[in-house]
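S.K.:
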Amino acid sequence: MKTFNNKVAAVTGAGSGIGQQLALLLAQQGCHLSLSDINEQGLAKTVELLKDSNVRVTTKKLDVSDREAIRTWAEETVQNHGSVNMIFNNAGVALGSTVEGASYDELEWIVGINFWGVVYGTKEFLPLIKQTGDGHIINISSLFGLTAQPTQSAYNATKFAVRGFTESLRQELDIENCGVSALCVHPGGIRTNIANDARMNDSLRSLGMNPEKSARTFNKLLRIPPEEAARQILAAVQKDKRRVLIGNDAKSLDLIQRILPTGYQKVTAMATTLSKRFK
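Residues in the sequence shown are numbered from 98 upward in steps of one, following our numbering.
1) Can you tell me where the alpha helix (DSSP H) with Ala-171 in it begins and where it stops?
2) Compute every distance between the C-beta of Gln-329 and the non-hydrogen atoms of the ligand NAP, then say whether any falls below 7 angstroms.
3) Given a cut-off of 8 angstroms on the beta-carbon distance, is the pair Phe-212 and Val-259 in contact?
4) Could you check if Asp-271 is buried or exposed, using at least 16 other CB atoms within 10 Å of its CB as the buried criterion?
5) Please determine if the segment 139-149 and the segment 163-170 are in contact, where contact requires at least 3 C-beta pairs separated by less than 8 angstroms.
6) Could you tell me the alpha carbon to alpha carbon distance between Phe-375 and Cys-128, rounded to whole angstroms?
7) For the putative contact between Asn-182 and Lys-104, defined by C-beta atoms under 8 angstroms, what is the C-beta separation to the nearest angstrom?
8) Measuring CA to CA, which of Glu-325, Lys-363, Thr-229 and Glu-205 is closest to Gly-116?
9) Just verifying my parser: in three-state terms, what is the DSSP assignment at Asn-186?
10) To which residues of the same chain is Ala-327 closer than 7 angstroms at the C-beta, ignoring the five residues directly before and after it?
11) Determine the DSSP secondary structure at Pro-322, reduced to helix, strand or coil.
12) Under the assumption that Phe-185 contacts Thr-109 (Cβ atoms under 8 angstroms), give the Cβ distance between them as a whole number of angstroms.
13) Going by DSSP in three states, Ala-111 sits in which element: helix, strand or coil?
14) Per DSSP, what are the beta-bridge partners of Val-282 in this structure?
15) Are there 16 or more other CB atoms within 10 angstroms of the CB of Pro-224, so buried, or fewer, so exposed?
16) Assign Ser-113 to one of two classes, buried (16 or more other C-beta atoms within 10 Å of its C-beta) or exposed (fewer than that).
Following this line, the structure appears as C-alpha cells:
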C-alpha cells in the first residue's frame with residue numbers, strides 16, 4: 098500500500114494514545130476512518146480532533162473481546178464506507194502480577210482483549226479487506242512480545258501470541274499473493290494511558306515490590322510520544338515491512354535477547370533485584 102488517500106481504515110482503541118494518533122495521521126493523508134473504543138468519551142475526543150478533516154469518520158463503542166460485536170462492526174464499516182482496506186488491532190491492556198498470584202478472571206480479561214481481540218479483528222476484517230485487493234492487517238504486539246519480564250507473564254503471553262499469530266498470517270498472505278499484507282508492531286515505552294489503566298495486584302509484594310510504586314515506575318518509562326509511534330507504523334505499512342520496533346528500548350532489548358537468548362533472563366532478574374535495593 099503506497100498511499101492512504103481514499104482508503105478506509107478501521108482502528109481499535111482509537112480513543113487515545115497510538116490509536117488516536119493513527120486516526121489523525123491517516124485523516125491528514127485522506128484516509129476514511131471507522132473508529133472504535135470501549136471509552137466513548139475518548140472516542141468523542143478523537144472525533145473532535147478530526148472535525149476539520151475532509152474524510153468520512155464513523156465510530157462505535159466496542160469491547161474487542163466480544164466476537165459478535167467485532168463482526169457487527171466489520172459489517173457496519175463496509176456498509177458505511179463501501180469497503181475497508183486496513184484494520185489496526187491496537188486496543189490493549191496490562192496486568193502486573195506473579196504467575197502464582199494472577200487470578201483466572203484476570204488472565205481471561207487480558208487474554209480476551211490483547212489476544213482474542215486481535216484474532217477477532219483479523220478474522221472478521223480479513224475477508225472484507227481481501228475484496229479490495231489492496232490492504233493491510235496491522236497487529237500491535239509489544240517490546241514484551243520479544244522478551245519476557247518478571248510480573249508480566251500474562252502480558253508477555255498475549256503479546257508473544259500476537260507476534261506468532263501475525264507472523265504466520267504474513268506468510269500465508271505471501272503465499273496467496275492476494276494483495277493483502279500484515280505487519281507486527283513492537284512498541285517500547287509509548288506515552289499512553291496503558292500504565293494508568295493497568296491492573297496491579299498484591300502478589301507483587303511477594304517479590305518485594307509495591308503495586309502502586311510499580312505502576313508509577315512503569316509510567317515513567319513511557320517516553321515516546323504516541324504520534325511518533327503512529328508515524329513509524331504508517332511508514333512501515335507503506336514499506337510493507339514484516340516487523341517494526343519502536344523506540345531504543347525495544348531495539349536494545351531485542352538485541353540483548355538475540356545475543357543472550359536465554360541468558361537475558363538471569364540479567365533481567367538480577368537487574369530487577371538490584372533496582373529494589375536502590376529505591
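The C-beta atom is built at its ideal place from N, Cα and C for all residues, glycine as well. Computed from a prediction, not measured in an experiment: that's the story for all the values here.
M.R.: The short version:
1) 164-178
2) This structure lacks the ligand NAP; in fact it carries no ligand of any kind.
3) yes
4) exposed
5) no
6) For Phe-375, the predicted structure reports a pLDDT of 45, less than 50, and the residue's modelled location is therefore unreliable. The matter cannot be settled from this model.
7) 4 angstroms
8) Glu-325
9) strand
10) Ile-115, Gln-118, Leu-119 and Leu-122
11) coil
12) 7 angstroms
13) coil
14) Ile-237 and Val-341
15) exposed
16) buried
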